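Data block below; observations after.
Residue numbers (the working numbering): 4 to 147.
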């Protein structure tokens, strides 16, 4: 039996943005590159919050680890390169967990967006007047 739209070369993944507690589910391709993953995560963030201009800067995989007693615990594995993506899928297959791949993502706004949100830029003359104080300021109240 085939399910419409289901791709067997994908895995279910959960992403948590900036330490959030509400996860967002999506499908991730087994051969996705790291830059492709970051682009997908940026796109999901924009869909969730249209006015947010933040970008993905850190992606961590909640990597399952088994100890000698068979207990499962999680360690964070920072994803940086395509090799890290292959390692993540390999580890996930080895542990054959029933849940999704879990990712923690840190977002930051671009420097350009931060600068835009600061006070408006001033030109040299405005700054000079502010530094010299009101005594130096020539103000004419005449309408002529």
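Note that beta-carbon positions come from the ideal geometry of N, C-alpha and C, so glycine has one too.
Model, not experiment: these values are computed from the prediction.
Check                                                                                                                                         : Outcome
Please report how far the alpha carbon of residue 29 lies from the alpha carbon of residue 127, in whole angstroms.                           : 50 Å
Determine contact between the stretch 51-59 and the stretch 83-103, defined as no fewer than three beta-carbon pairs at a distance below 8 Å. : no
Rounding to the nearest angstrom, what Cα-Cα distance links residue 67 and residue 75 in this structure?                                      : 6 Å
Using three-state DSSP, classify residue 51 as helix, strand or coil.                                                                         : helix
At the level of alpha carbons, what is the spacing between residue 90 and residue 78?                                                         : 14 Å
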